[in-house]
Structure formats: C-alpha cells, structure tokens
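Trainee: Below is one structure. I have some questions about it.
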Amino acid sequence: MERSIQKNGLINLLTLLVVGVAGFAVARFANCLAGQVAILFIGMGILVAGVSWFQMRLEDNERLEKLELDELARTRGGSALFAGKEAEVFPSRRSREQFERFFVPVFTVILCLVQAAGAYFLWRWLPGTAVVVELREPTTALALFAVIALALFLLGKFSATIARLEGHRLLRPGAGYLLLSAYLCFLVTLGIIGAQAGFSKADFYLARSLCVVLGLVGGETLINLILEMYRPRVKGKLQRPLYESRLVGLLGQPEGLITTAAQALDYQFGFKVSETWFYRFFEKALGWLLLLQVGALVLSTCVVFVQAGEQSLLERFGRPVKGRAVLGPGAHFKWPWPVDRAYPFRTEQVQSFDVGFTPDPTHEKENLVLWTVMHTKEDNFLVANHLQPSLEATNQAGGKRTPPVSFITGSIPVQFQITNLVAWAYHNEGASALLQDLATREVVRYLVSADMNEIMSSERLEASRGLVERIQAAADQHNLGARIVSVSLQDLHPPVKVAPDYEKVVAAIQTRQARILSAKADGIRTNALAGAEATGILNKARAERTGREVGALAQAALFTNQIPAFEAAPAVYVQRAYLQTFTRATANARKYVLLTTNTHDVLIFDLQDKIREDLLNLTVPTPKTK
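Take 2 as the starting number for the sequence shown in this note's numbering and just add one per residue.
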C-alpha cells in the first residue's frame with residue numbers, strides 16, 4: 002500500500018506539471034488574465050507535490066530500513082550489531098529528520114514569499130478597470146480549460162479519498178492543490194463564458210479575485226510559520242506538514258466544513274448531534290436547500306422595478322431587446338439574470354456637472370466668498386482683454402508688448418436632461434463624460450473671444466444663452482440625446498494670485514473715471530453759470546436800451562403834447578409848471594404855511610432833527626433763564 006501511495010504522489014506531481022505547462026500555454030495564447038493567475042496556483046501545487054513526494058520516499062526508506070533491522074534482530078538475537086549510535090544504525094530516519102527540521106521550514110518560507118510576491122506583482126501586472134482585454138480564440142480556451150478542470154478534479158478526488166481512508170498525511174497537500182486547481186480552471190471557464198455573454202470585464206474581475214485568494218493563502222502560510230516556532234514537540238507524534246495549507250484544503254474540499262461543524266456540535270452539546278435524524282435529514286437535503294435558494298435568487302431577477310422619473314434599458318446578452326429596449330416607470334417582467342439585464346437612468350431629473358472647478362467640501366458652508374481666498378479647485382480660462390496698454394509703456398526702450406488676453410476663473414454649472422435614452426446609452430461610449438468634454442470645449446472657445454470686463458458685468462446673461470446654444474449644437478452633432486437646460490456663469494473673477502492686483506487696477510480705473518466725471522460736472526456747471534451770467538448781462542443791457550429808447554420817445558411825445566396846452570393858456574401853463582417844479586424841489590423839505598398876512602409875528606425855528614420813533618420804541622428781549 003505504501004508503494005501505491007508513493008506512486009500516487011508521483012502521478013499527482015507529473016499531472017500538475019503537465020497541466021501547468023499546457024494551461025500556461027493556453028492562457029497566454031488566449032490572453033486570459035484569470036487563466037494566467039490560476040496557473041500560479043498550479044505552479045505552487047507542483048512545488049508542494051514535489052516536496053511531499055520526496056518526503057514520502059524518505060518515510061518509505063525509513064520504513065524499509067526499520068523492517069530490515071527488525072528482521073535481522075529477530076534472526077540473530079541480541080547481537081552487538083545494534084550497539085552503535087542511533088544515527089549510524091538508522092541513517093534513513095536521520096535523513097528524514099534532517100529534512101523535516103531544516104529543508105521543510107526553508108521551503109515553507111520560500112513558498113510564503115512566492116505566494117506574497119505573486120499576489121502583489123500579479124495585482125500590479127493586471128491592467129486598470131478602464132482597459133478591456135480581448136480574448137483570442139475563446140472557444141478553444143474554454144474547451145481546453147474544461148478538460149484540464151475535469152482531469153484535475155478526478156485525480157484530486159481520488160487522491161483526497163485515498164489520503165482520508167488510508168490516513169496518509171503527505172498525500173493531502175498535493176490532493177488539495179489538485180482540487181483547488183480544478184475549481185479554479187472551472188471558474189476560468191465561467192469567466193470566458195461571461196466575457197462572451199457581454200460581461201467584458203468578467204475575466205479581469207476574476208483575476209483580481211484570484212489575486213486576493215493567493216494573498217490570503219500567503220498570509221495563512223506566514224501564520225503557520227509563526228505558530229510552528231511555539232508548537233510543542235511530542236516525540237513519536239505525527240505532525241501536519243508545515244507546507245500544507247488548511248485554506249487550500251478547505252477550498253478544495255468544502256464538504257469538510259460539514260464534518261467540522263458536526264464535530265463542533267458533538268463537542269458543544271455533549272452527545273452525537275451528527276447522528277440525529279434532523280442532522281441526517283439536513284445533511285442529505287443541504288444540496289436541495291441550496292438549489293432552492295439559488296432558484297429563488299434567480300427568480301427574483303425576473304422582475305425589475307423602475308422608479309418614478311426614471312427609465313431603464315433592457316438588454317438581452319448585452320444587446321437591446323427589440324420592442325422593449327426602454328422600460329418606463331413600474332414593474333416589468335424579464336428573463337432571469339444574466340440573460341436579461343436592466344440599467345436604470347434618471348431621464349426626468351435635471352442633472353448637472355461642473356465646468357472649470359471642483360467643489361471643495363471644506364468650504365461649502367462658508368457664507369462669505371472672496372476673490373483673494375481659494376474656495377474651490379478652479380481652472381484658468383483664457384479671455385480677451387480689450388484694454389490696450391498705454392503707448393508710453395509700449396514705446397519704452399526694451400519694453401515688451403502686453404498681449405491682449407487675460408486669465409479668468411469661475412464656477413460654471415451645466416444642467417441637462419436626457420431626452421433620448423437609446424441615443425444617450427448606445428450612440429456614444431461614456432455619454433456623460435463626452436457631454437462634459439464638449440461643454441468644456443465650448444466654454445473655452447467662447448471665453449477666448451469674450452472681453453473679461455464685459456463678461457464679468459453686463460454680458461453675463463448673453464454669454465450664458467450663447468453657451469447653451471453652443472453646447473446644445475455640439476451635443477446634437479454627436480447625437481447624445483440630451484437637452485441643455487441652462488449654463489450658469491457664477492463666481493467669475495481673476496485667479497486668486499492676481500486678484501489683489503486686479504482689485505487695485507479696478508479701483509484705479511474707477512477713481513480715474515470718477516475724477517473724469519467730476520471734471521466734466523465742474524465744466525458743465527462753470528459753463529452753465531458763465532452762460533447764465535452772460536445772458537443776464539445781455540438781457541439787462543437790452544432792457545436798459547429799451548428803457549432809454551422808450552423814455553426818449555415818451556419825452557418827445559410829452560413835449561409834443563405840451564405845445565397845444567401852452568398855446569391855449571400860456572399864463573396857466575407857466576404857473577402850473579412853476580408849481581410842479583416847486584413841488585418836486587421841496588418834496589423833502591420842511592414847509593411852514595402862514596395863513597395871515599396883516600400881523601407882525603415872531604418866528605422861532607428849532608433846526609435840530611428829532612430822533613425817529615422806531616429808535617425810541619425798541620423792544621428789548623427778555624433774557625432766558627437756564
């Protein structure tokens with residue numbers, strides 16, 4: 002029986018070697034990422050199977066040596082032949098002990114390093130998620146990996162059964178890697194089928210998962226090495242091989258979980274729970290229960306619920322279903338996954354993306370936003386600057402002409418709505434990213450021809466409308482199936498580094514403009530006053546001229562009218578003229594009238610002026626008391 006077990010170990014080694022070479026060639030030819038990662042597990046199985054087979058040979062030599070010595074001791078009796086040192090009497094046992102003491106730990110350390118390095122470098126070697134690796138001859142690769150999986154499974158199942166029935170511990174590591182490699186090759190076939198069914202990244206994600214499993218196996222090997230240093234050594238007790246992985250055995254023989262669970266239950270409850278009718282029924286019906294759960298899970302994928310305001314694309318094997326490509330809100334029946342798959346889209350909701358800036362969550366709650374403080378991650382746009390430099394700065398010796406352009410930053414949210422879901426999903430790859438790129442391009446093109454000061458002030462609304470038309474035209478040209486709702490030009494300002502200097506320039510321009518307007522106001526006021534004064538002088542001169550002319554005409558007319566009166570009564574006219582002249586001459590003089598003429602009167606004159614009554618009757622105000 003020992004010979005057959007050793008032969009079985011050799012067969013396992015040769016099978017893994019042949020299958021590993023063939024599988025690596027197939028994986029490389031088919032460009033299968035998961036297949037190439039799975040070959041590394043087969044390679045580690047080759048190393049483990051080789052070491053375990055060699056250890057089987059050492060134990061077999063030790064067994065034969067012991068049989069020979071026992072036969073000699075029985076035939077020759079108590080001879081001095083066995084009185085020598087143990088190392089000299091049992092060289093095969095000594096070789097086996099040296100092998101287990103030195104070579105096995107060193108090999109286990111190397112195996113751990115290979116597992117860790119393989120997981121790390123394979124993870125780095127795999128391309129990014131955005132890269133889709135095309136398979137070559139997927140049908141051939143599928144058939145070959147299926148044959149490899151079947152061969153490894155049959156041989157591994159046979160070896161695992163022999164190891165369990167015969168109790169041979171050194172056959173378990175190779176059998177575990179045989180079964181695990183069989184299951185991995187079967188998963189590789191599923192990955193190829195998924196890639197052919199439309200899941201282009203199934204092979205990639207499977208390769209990443211295998212890298213994770215490889216890292217876990219390496220971590221378990223490291224833990225075994227650490228625990229081996231503290232494990233108590235009992236002479237004569239067979240120990241589990243250090244390089245044997247319990248995780249590999251569990252993945253290769255998952256039914257061992259049931260046995261372990263049964264043993265744990267027996268120990269926990271104190272009686273043979275594993276021998277009860279319920280446990281026996283559960284053990285027999287476990288497969289059907291799992292199949293029922295899988296069936297329920299598959300049936301749950303036959304119904305898709307589309308939320309209000311959404312639409313879903315229904316695909317069958319990665320292609321739109323004729324007549325049912327777009328599903329409206331509500332419940333819909335479909336074929337189970339992975340035959341039919343539904344992809345929801347928010348078609349009625351107004352969606353948005355940002356151009357020119359990336360929001361910073363740390364500054365979203367700030368109420369005060371200044372030009373001179375960085376509040377988002379902003380991009381600089383090139384805009385025109387119609388303010389030409391002065392001739393003095395341009396004509397200076399060695400001076401450089403300033404280009405008529407400037408930089409501007411701002412927040413430009415673009416809002417859109419999906420109007421044609423089929424065009425949005427199928428006419429362009431990455432429609433959302435494409436629309437954002439088109440919007441960025443049109444914003445750059447528009448701003449490069451716009452004046453900086455105008456777009457920051459009076460032309461902002463017109464610029465927003467123009468950008469909506471430009472982006473909509475670009476989207477229609479690429480048949481995106483989207484409607485541009487609005488483009489907002491928010492927070493337009495110079496870059497943060499030059500914002501303080503820009504504010505100084507704006508302040509200087511405003512001050513200059515204010516002074517210019519003040520000078521114009523003074524000029525208008527002075528000219529208006531001068532014009533009014535000139536008009537007043539002219540009007541006064543005209544009035545005086547008119548008055549003199551009218552007075553001269555009046556005097557001439559009075560003289561003409563006095564002649565008939567004089568001719569009619571010369572004495573009366575003279576007497577009247579005399580009296581009028583006397584009246585005018587004595588208008589401000591005091592007059593004394595003597596009514597009697599036949600008396601001699603004495604007249605006394607007091608020529609002192611009297612004080613006016615308004616001066617004598619002054620009213621003195623009453624002082625106010627505090």
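The C-beta atom is built at its ideal place from N, Cα and C for all residues, glycine as well.
Does the beta-carbon distance from LEU422 to THR348 come in below 8 Å?
Mentor: Counting from 1 along the sequence shown, the entry for residue 422 is found at position 421. Counting from 1 along the sequence shown, the entry for residue 348 is found at position 347. Cβ distance < 8 Å, so LEU422 and THR348 count as in contact.
Trainee: Helix, strand or coil for ALA84, going by three-state DSSP, please let me know.
Mentor: Locating residue 84 in the sequence shown gives position 83, where the first residue counts as 1. Confidence is the limiting factor: at ALA84 the pLDDT is only 49, short of 50, which leaves the residue's position unreliable, though a coordinate-based value still follows. Three-state DSSP puts ALA84 in coil, outside helix and strand.
Trainee: Determine whether the beta carbon atoms of MET332 and CYS186 lie at a separation below 8 Å.
Mentor: Counted from its first residue, the sequence shown places residue 332 at position 331. Counted from its first residue, the sequence shown places residue 186 at position 185. Here residue 332 is Ala; the residue named in the question, Met, does not match the sequence. Cβ distance not < 8 Å, so ALA332 and CYS186 don't count as in contact.
Trainee: With a cut-off of 8 Å, do at least 3 Cβ pairs link the stretch 306–316 to the stretch 334–349?
Mentor: Enough Cβ pairs lie closer than 8 Å, so yes.
Trainee: Which of the three DSSP states, helix, strand or coil, is assigned to TYR344?
Mentor: On the sequence shown, position 343 is the one that residue 344 refers to. Correct three-state label for TYR344: strand.
Trainee: Indicate whether LEU179 and GLY46 have their beta-carbon atoms separated by less than 8 Å.
Mentor: Position 178 of the sequence shown holds residue 179. Position 45 of the sequence shown holds residue 46. Going by C-beta atoms, LEU179 is nearer than 8 Å to GLY46.
Trainee: When burial is assigned at 16 or more other CB atoms within 10 Å of the CB, is LEU518 buried or exposed?
Mentor: Numbered from 1 along the sequence shown, position 517 holds the residue referred to as residue 518. Classification of LEU518: exposed, given that the 10 Å Cβ count is below 16.
Trainee: Hey, could you find the ends of the alpha helix (DSSP H) SER465 is sitting in?
Mentor: Reading the sequence shown from its first residue, position 464 is the one you call residue 465. Looking at the DSSP string, the run of the alpha helix (DSSP H) that includes SER465 is 461–478.
Trainee: Enumerate, from N- to C-terminal direction, the unbroken beta strand (DSSP E) stretches of 3 or more residues contained entirely within the stretch 285–314.
Mentor: Here the runs fully enclosed are 304–307.
Trainee: Using the Cα positions of ALA483 and PRO414, report the straight-line distance between them to the nearest angstrom.
Mentor: Position 482 of the sequence shown, counted from the start, is the residue given in the question as residue 483. Position 413 of the sequence shown, counted from the start, is the residue given in the question as residue 414. Spanning the two alpha carbons is a distance of roughly 16 Å.
Trainee: If you check the beta carbons only, do LEU226 and CYS303 fall under 8 Å apart?
Mentor: Counting from 1 along the sequence shown, the entry for residue 226 is found at position 225. Counting from 1 along the sequence shown, the entry for residue 303 is found at position 302. No, these two residues do not count as a Cβ contact at 8 Å.
Trainee: Within the chosen definition, does the stretch 132–147 reach the stretch 159–166 through at least 3 CB pairs nearer than 8 Å?
Mentor: The stretch 132–147 is not in contact with the stretch 159–166.
Trainee: Given this structure, state the Cα-to-Cα distance separating ALA208 from ALA120, to the nearest angstrom.
Mentor: Start at 1 with the first residue of the sequence shown, and residue 208 comes out as number 207. Start at 1 with the first residue of the sequence shown, and residue 120 comes out as number 119. So the two alpha carbons sit approximately 11 Å from each other.
Trainee: Here's a check: name, in chain order, each residue in its chain whose Cβ is nearer than 8 Å to the Cβ of ARG442, leaving out the five neighbours to either side.
Mentor: Residue mapping note: residue 442 aligns to position 441 of the sequence shown, counting from 1. Excluding positions up to five away in sequence, the list reads ALA475.
Trainee: Got a sec: does the ligand ZN put a non-hydrogen atom nearer than 7 Å to the Cβ of THR16?
Mentor: The ligand ZN is absent from the structure shown, which contains no ligand whatsoever.
Trainee: Measuring CA to CA, which of LEU17, LEU448, GLU534, SER412 is closest to SER489?
Mentor: Sequence index remark: in the sequence shown, residue 489 carries index 488 (1-based). For the residues LEU17, LEU448, GLU534, SER412, the minimum Cα distance to SER489 belongs to SER412.
Trainee: Is the stretch 186–203 touching the stretch 47–59, taking contact as three or more C-beta pairs under 8 Å?
Mentor: No: the two stretches stay apart, fewer than three of their Cβ pairs being nearer than 8 Å.
Trainee: Within the same chain, show all residues whose beta-carbon is closer than 6 Å to that of GLY192, passing over the 5 residues directly before and after it, in chain order.
Mentor: Sequence index remark: in the sequence shown, residue 192 carries index 191 (1-based). If we look at GLY192 and ignore the five residues flanking it on each side, its Cβ neighbours are ALA35, ALA203, ASP204, LEU207.
Trainee: For LEU439, does the count of other Cβ atoms within 10 angstroms reach 16, so buried, or fall short, so exposed?
Mentor: Here residue 439 refers to the residue found at position 438 of the sequence shown. So LEU439 ends up on the buried side.
Trainee: Distance check for LYS521 and VAL551, CA to CA, integer angstroms please.
Mentor: Counting from 1 along the sequence shown, the entry for residue 551 is found at position 550. Counting from 1 along the sequence shown, the entry for residue 521 is found at position 520. Going by the C-alpha atoms only, they are around 44 Å apart.
Trainee: Going by alpha carbons, who is nearest to LEU215 out of LEU15, GLN491, PHE42?
Mentor: By one-based count along the sequence shown, residue 215 stands at place 214. Checked all of LEU15, GLN491, PHE42; the closest Cα to LEU215 is PHE42.
Trainee: For GLY331, does the three-state DSSP call read helix, strand or coil?
Mentor: Looking up residue 331 in the sequence shown gives position 330. Here GLY331 sits in strand by DSSP.
Trainee: How big is the Cα-Cα spacing for HIS479 and ALA434?
Mentor: Here residue 479 is taken as the residue at index 478 of the sequence shown, counted from 1. Here residue 434 is taken as the residue at index 433 of the sequence shown, counted from 1. HIS479 and ALA434: Cα-Cα distance of roughly 13 Å.
Trainee: From ALA198, ALA309, ILE472, PHE146, pick the residue whose C-alpha is nearest to that of ALA26; which is it?
Mentor: Reading the sequence shown from its first residue, position 25 is the one you call residue 26. Per the Cα distances, PHE146.
Trainee: May I have a chain-ordered list of the alpha helix (DSSP H) segments no shorter than 4 residues that lie completely inside the stretch 147–213?
Mentor: Segments of the alpha helix (DSSP H) lying fully in the stretch 147–213: 173–197.
Trainee: Suppose the cutoff is 6 Å on Cβ atoms and the five residues either side in sequence are ignored; what does the same chain contact list for GLN473 look like?
Mentor: Along the sequence shown, read from residue 1 onward, the residue named residue 473 stands at position 472. If we look at GLN473 and ignore the five residues flanking it on each side, its Cβ neighbours are ILE485.
Trainee: Look up ALA131 in the DSSP assignment and say whether it is helix, strand or coil.
Mentor: Taking the sequence shown and counting its residues from 1, the one referred to as residue 131 is at position 130. Low local confidence applies: a pLDDT of 49 at ALA131 is under 50, so the model's placement there is unreliable, with the coordinate-based value given in what follows. Coil.
Trainee: Taking the alpha-carbon positions, what's the GLY296 to TYR427 distance?
Mentor: Here residue 296 refers to the residue found at position 295 when the sequence shown is read from its first residue. Here residue 427 refers to the residue found at position 426 when the sequence shown is read from its first residue. If I take the Cα positions, the gap works out to 32 Å.
Trainee: Here's the rule: buried if 16 or more other CB atoms are within 10 angstroms of the residue's CB, otherwise exposed. What is SER459?
Mentor: By one-based count along the sequence shown, residue 459 stands at place 458. The residue in question, SER459, is exposed, as its Cβ has fewer than 16 Cβ neighbours within 10 Å.
Trainee: Per DSSP, which residues does ILE419 bridge with? Please list them.
Mentor: For the purposes of this step, residue 419 is taken as the residue at position 418 of the sequence shown. The partner list for ILE419 (beta bridge, DSSP) reads ALA483.
Trainee: Given ARG247, which residues of its chain have a CB within under 6 Å of its CB, disregarding the five upstream and five downstream residues?
Mentor: On the sequence shown, residue 247 is found 246 positions in, with the first residue counted as 1. If we look at ARG247 and ignore the five residues flanking it on each side, it has no Cβ neighbours.
Trainee: Cutting at 7 Å between CB atoms, please list the residues of its own chain near ILE224, excluding the five before and the five after it.
Mentor: By one-based count along the sequence shown, residue 224 stands at place 223. For ILE224, where only same-chain residues beyond five positions count, there are no Cβ hits under 7 Å.
Trainee: Would you mind sorting VAL305 into buried or exposed? The rule is 16 or more other CB atoms within 10 Å of its CB.
Mentor: Locating residue 305 in the sequence shown gives position 304, where the first residue counts as 1. By the 10 Å Cβ count, VAL305 comes out buried.
Trainee: Below 6 Å CB to CB, which residues in the same chain sit around LEU392 once its five sequence neighbours on both sides are set aside?
Mentor: As a first step, residue 392 is located in the sequence shown; it is residue number 391 there, counting from the start. Any answer about LEU392 is weak, because its pLDDT of 43 lies below 50 and its placement is not dependable; what the coordinates show is given next. Correct list: empty, nothing qualifies.
Trainee: I'd like the list of long-range same chain contacts for LEU181, defined as Cβ closer than 7 Å, with 5 residues on each side in sequence excluded.
Mentor: Against the sequence shown, residue 181 aligns to sequence position 180. For LEU181, where only same-chain residues beyond five positions count, the Cβ hits under 7 Å are PHE42, VAL249, LEU252, GLY253.
Trainee: Would you kindly work out how many angstroms separate the C-alpha atoms of GLU568 and ASN562, rounded to a whole number?
Mentor: For the purposes of this step, residue 568 is identified with residue 567 of the sequence shown, where counting begins at 1. For the purposes of this step, residue 562 is identified with residue 561 of the sequence shown, where counting begins at 1. If you take the alpha carbons of GLU568 and ASN562, they lie about 11 Å apart.
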